[in-house]
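Chemist:
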Amino acid sequence: FGRLKDGLTKTRDNIVNGIDSVFNGFSAIDEDFYEELEEILIMGDIGVNATNAIIEKLRGQVKENHIKQPSECKEILIQSIKEQMKVGETAYDFEQEQSVILVIGVNGVGKTTSVGKLAGILKDQGRKVLLAAADTFRAAAGEQLTEWANRAGVDIIGGSEGSDPASVIFDAVNAAKARHVDVLLCDTAGRLHNKKNLMEELKKINRIIDKEFPGVHRENLVVLDGTTGQNALQQARDFGEVADLTGIILTKMDGTAKGGIAVAIQSELNIPVKYIGVGETLEDLQKFDSDQFVNALFD
Ligand code: GDP
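Each residue of the sequence shown is one higher than the last, beginning at 323 in our numbering.
Structure (structure tokens):
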């Protein structure tokens, strides 16, 4: 929790200080108060829709409980943000079942790093992990993932640069079956600028996994760079058009004041953030819990 709090320092400074100044600066709960609060939430990248919903909830509670002092409604605001972040599915299934995880995302968001960190985490939990280096498009991706595999002490199946990602997946899936692997983690190429190709590639990969490993638990995790704020939200929407997303890994939350994007993502996309990255070491990929996240911001 301490690491999470430290990692979110910039976001805390951005959102929480602003909110505190509203709570301390206003002596009455009036329209100006709500407007100021709304502005701070939107500036904090929480998103217009989520902000409106949060403020509406706050208004309702203030009225219902006859609250007069701004200081009295801080707890209600925190609770409203937590409620706004609740999504239907938050189980971390792949940590219990035999699973194939496709990790997708555009270049530079922290995809390969997150796959490496996740491999280390799952290995530490006693799971047998295999990596598939199916980002055969980006020159250094395979080597970089091999380094992470060595660091984490897990096996890796790779293809040479420019080879067919689907054939890497074919080899990896069959190796996973033969070696009784618990979790097969697949790095993939993120060529979102060529949606049609990407869609075809993912379709082909999905067909191979369905055929070669029927019944295995599947996840499609999209990696988003938290520092890009609202652009991250758009990327998730774009990837959602080409793949059935089951979760999000939100990276680089340590370097950003735009951490409120986690609220916007969960409430607007209704896809659970499963992990967040708050630094570059293995320990800095943390399982995401929305209540804990909001507590880390406001505690
Ligand atoms: P990919 O192209 O999506 O595979 O991106 P990489 O995994 O190569 O990561 C790009 C850069 O972001 C690297 O320098 C990583 O060390 C860095 N990075 C990834 N995740 C995090 C994070 O959570 N926090 C910070 N500060 N840096 C990160």
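The C-beta atom is built at its ideal place from N, Cα and C for all residues, glycine as well.
Looking only at DSSP bridge pairs, what is G630 linked to?
Modeler: Here the chain has residues from 323 to 621 only, and residue 630 is not among them.
Chemist: Considering only their Cβ atoms, is the gap separating E590 from G369 smaller than 8 Å?
Modeler: Position 47 of the sequence shown, counting from 1, holds the residue named residue 369. Position 268 of the sequence shown, counting from 1, holds the residue named residue 590. Their beta carbons are under 8 Å apart, which means G369 touches E590 by this criterion.
Chemist: Measure the Cβ-Cβ separation of I587 and V595 and say whether it is below 8 Å.
Modeler: Here residue 587 refers to the residue found at position 265 when the sequence shown is read from its first residue. Here residue 595 refers to the residue found at position 273 when the sequence shown is read from its first residue. Cβ distance < 8 Å, so I587 and V595 count as in contact.
Chemist: Can you list, in chain order, the residues of its chain with a C-beta nearer than 7 Å to that of F613? Leave out the 5 residues immediately preceding and following it.
Modeler: Counting from one through the sequence shown, the residue named residue 613 turns up at place 291. According to the sequence shown, residue 613 is Asp rather than Phe. Within the same chain, D613 has close Cβ partners K404.
Chemist: Taking the alpha-carbon positions, what's the F615 to V545 distance?
Modeler: Taking the sequence shown and counting its residues from 1, the one referred to as residue 615 is at position 293. Taking the sequence shown and counting its residues from 1, the one referred to as residue 545 is at position 223. In a straight line, the C-alpha of F615 is about 18 Å away from that of V545.
Chemist: Just checking Q556 against the ligand GDP - is the residue's beta carbon closer than 7 Å to any of the ligand's heavy atoms?
Modeler: Here residue 556 refers to the residue found at position 234 of the sequence shown. The answer is no for Q556.
Chemist: Could you tell me which residues DSSP puts in a beta bridge with N542?
Modeler: The sequence position of residue 542 within the sequence shown is 220, counting from 1. BP columns for N542 point to L424.
Chemist: Is it buried or exposed for G569, if we count other Cβ within 10 angstroms and need 16 for buried?
Modeler: Taking the first residue of the sequence shown as position 1, residue 569 is located at position 247. So G569 counts as buried.
Chemist: Kindly indicate the opening and closing residues of the alpha helix (DSSP H) around K596.
Modeler: As a first step, residue 596 must be located in the sequence shown, where it is residue number 274. That residue, K596, is in no alpha helix (DSSP H); its beta strand (DSSP E) goes V595 to G599.
Chemist: What I want to know is whether the C-beta of A463 ends up closer than 7 Å to one or more non-hydrogen atoms of the ligand GDP.
Modeler: Translated into positions along the sequence shown, residue 463 becomes position 141. Result yes, Cβ under 7 Å from the ligand GDP.
Chemist: Is it buried or exposed, Q406, if we count other Cβ atoms within 10 angstroms and call 16 or more buried?
Modeler: Here the question's residue 406 lines up with position 84 in the sequence shown. Answer is buried; the Cβ neighbour count reaches 16.
Chemist: S402: which of V425, K390, A375 and Q391 sits nearest, CA to CA?
Modeler: Residue numbering aside, residue 402 sits at position 80 when the sequence shown is read from its first letter. Measuring from the Cα of S402, the nearest candidate turns out to be A375.
Chemist: Among the candidates T550, F459 and K450, whose CA atom is the shortest distance from the CA of G270?
Modeler: With the chain represented from 323 up to 621, any question about residue 270 goes unanswered, as that position is not in the structure.
Chemist: State the start and end residues of the unbroken alpha helix (DSSP H) segment that holds K517.
Modeler: As a working mapping, residue 517 is identified with position 195 in the sequence shown. It spans K517 to E534 - the alpha helix (DSSP H) in which K517 sits, taken as one unbroken run.
Chemist: My assumption, with CB atoms under 8 Å, is that I364 sits in contact with G340. Please give the rounded CB distance.
Modeler: In the sequence shown, the residue the question calls residue 364 occupies position 42. In the sequence shown, the residue the question calls residue 340 occupies position 18. The pair is not a contact, with the Cβ atoms about 11 Å apart (cut-off 8 Å).
Chemist: Quick check: what's the CA-CA separation for T435 versus P487?
Modeler: Here residue 435 refers to the residue found at position 113 when the sequence shown is read from its first residue. Here residue 487 refers to the residue found at position 165 when the sequence shown is read from its first residue. Looking at the two C-alpha atoms, the distance is approximately 19 Å.
Chemist: I need the straight-line Cα distance from L555 to D504, nearest angstrom please.
Modeler: The residue given as residue 555 occupies position 233 in the sequence shown. The residue given as residue 504 occupies position 182 in the sequence shown. When rounded, the distance between both Cα atoms is 31 Å.
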